[in-house]
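To convert, take the position in the sequence shown, counting from 1, and add 43; that gives my numbering.
Note that CB positions come from ideal geometry on N, CA and C, so glycine has one too.
Please read these numbers as outputs of a predicted model, since none were measured by experiment.
A quick write-up on the structure given underneath.
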Amino acid sequence: MSILYILLPDIILVALGWFMLNKMGFSREFFAATEKMVYFIMFPALLFRSVLLSPLSLNTAGTSLLSCALLAFAGLLIASLARPILKAEQHSANSSQQCVYRFSTYIALSLAPSVGGAEGVAIMAVFIGFTVPLVNILAVRALATGQGGMFKSIVTNPLVLATASAVSLNLLGFQLPEVLGNTLHKLGQGSIPLGLICIGAALKLREGTANAPLVAWMTIARLVFMPIFAIVIALLMGFSLLETQMFAIFAAIPTAPAAYVLTVRM
44 MSILYILLPD
54 IILVALGWFM
64 LNKMGFSREF
74 FAATEKMVYF
84 IMFPALLFRS
94 VLLSPLSLNT
104 AGTSLLSCAL
114 LAFAGLLIAS
124 LARPILKAEQ
134 HSANSSQQCV
144 YRFSTYIALS
154 LAPSVGGAEG
164 VAIMAVFIGF
174 TVPLVNILAV
184 RALATGQGGM
194 FKSIVTNPLV
204 LATASAVSLN
214 LLGFQLPEVL
224 GNTLHKLGQG
234 SIPLGLICIG
244 AALKLREGTA
254 NAPLVAWMTI
264 ARLVFMPIFA
274 IVIALLMGFS
284 LLETQMFAIF
294 AAIPTAPAAY
304 VLTVRM
């Protein structure tokens with residue numbers, strides 16, 4: 044099965060989101076409300092159920108956490124080299140760094156079942172949960188905000204809360220009640236298509252030509268070097284084939300749409 048065939052349904056959903064906003068009269072407020080629902084309710088439900096039902100141990104959790112940290116810092120390192128080498132302006136360099144080490148949760152969770160089924164979703168959910176707090180810290184490090192505000196934004200992040208609670212309950216042997224499990228499953232099923240539609244609505248196709256060398260640097264770092272880093276880390280950590288595939292996909296997916304919001308604030 045070709046990569047394009049796997050990605051085609053996701054591409055269609057992204058295109059649908061763009062078409063709904065630009066041609067069908069759906070408002071930006073509609074998509075903002077939809078994305079808020081997906082982010083705060085539906086995605087946490089998907090993450091919580093996937094992680095809770097996945098085979099997990101202290102050893103595998105620790106290995107995943109270390110691997111995600113190594114990948115994030117490798118991305119930060121190669122992104123940070125752009126400013127001295129390209130003589131890039133500080134604001135542009137700092138804000139564009141996010142494109143290397145941040146990731147789109149929507150796309151990660153839409154690709155995981157296509158490649159690895161339910162087990163792939165569970166593996167990807169663990170990677171997401173462990174990486175979200177770290178990359179958020181890296182992304183906001185240049186903001187003029189106090190540490191208290193940063194700490195609060197991390198510990199109240201719904202994706203972090205969902206993953207942390209699911210990992211804890213998983214290690215304690217908690218059994219998810221059937222009714223609750225089915226409810227979370229239905230919520231999670233809707234999160235991916237709605238998330239992809241929201242991505243399409245956020246697309247701005249005519250932008251992105253400014254700072255071409257900087258854009259090229261970050262793009263190559265994300266699409267070439269990050270997957271290489273991921274594969275090397277996976278081999279060093281003794282990942283299975285499916286875990287390695289999920290980690291490489293995780294390293295190569297586009298950056299988080301929320302990176303734009305942070306850039307505006309910087």
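If you drop the 5 nearest sequence neighbours on each side, which residues of the same chain put their C-beta closer than 8 Å to that of T298?
Position 255 of the sequence shown, counted from the first residue, corresponds to residue 298. Contacts found: Q141, C142, V143, R145, F146, S147, R265.
Quick one: any contact between the region 58–71 and the region 238–245, if contact means 3 or more CB pairs under 8 Å?
The region 58–71 is in contact with the region 238–245.
Under 7 Å: does the beta carbon of F116 sit that close to some heavy atom of the ligand GDP?
Absence of the ligand GDP is noted for the structure shown, with no ligands found whatsoever.
Between I292 and S138, what straight-line distance do the alpha-carbon atoms span, to the nearest angstrom?
Taking the first residue of the sequence shown as 1, we reach residue 292 at position 249. Taking the first residue of the sequence shown as 1, we reach residue 138 at position 95. Those two C-alpha atoms are separated by around 23 Å.
P270 to I121, Cα distance in whole Å?
Indexing the sequence shown from 1 puts residue 270 at position 227. Indexing the sequence shown from 1 puts residue 121 at position 78. Their Cα atoms are separated by approximately 13 Å.
So, with DSSP's three-state summary, where would you put E132?
Along the sequence shown, read from residue 1 onward, the residue named residue 132 stands at position 89. Three-state result, E132: coil.
To which residues of the same chain is F69 closer than 6 Å at the C-beta, ignoring the five residues directly before and after it?
The residue you call residue 69 lines up with position 26 of the sequence shown. M63.
Do L96 and L219 have their C-beta atoms within less than 8 Å of each other?
Here residue 96 corresponds to residue number 53 of the sequence shown, with the count starting at 1. Here residue 219 corresponds to residue number 176 of the sequence shown, with the count starting at 1. It is a contact, given that the beta carbons lie within the stated cut-off.
State the DSSP-derived secondary structure class of K195, mapped to helix, strand or coil.
Locating residue 195 in the sequence shown gives position 152, where the first residue counts as 1. Note: K195 maps to helix in three-state DSSP.
Let me confirm a value: N179 is counted as buried when at least 16 other C-beta atoms fall within 10 Å, else exposed. Which label applies?
Within the sequence shown, residue 179 is the residue found at index 136, counting from 1. Classification for N179: buried.
Quick one: using the 10 Å Cβ neighbour count with 16 as the cut-off for buried, is N65 buried or exposed?
For the purposes of this step, residue 65 is taken as the residue at position 22 of the sequence shown. N65 is exposed by the Cβ-count criterion.
Residues in its own chain within less than 6 Å of F268 by CB, not counting five upstream and five downstream?
Residue 268 sits at position 225 when you count from the first residue of the sequence shown. Around F268: I121.
Apply the 10 Å Cβ neighbour rule to A86 and answer buried if 16 or more other Cβ atoms are within range, or exposed otherwise.
What you label residue 86 is simply residue 43 of the sequence shown in a count that begins at 1. Just to set this straight, residue 86 is Phe in the shown sequence, not Ala. Answer is buried; the Cβ neighbour count reaches 16.
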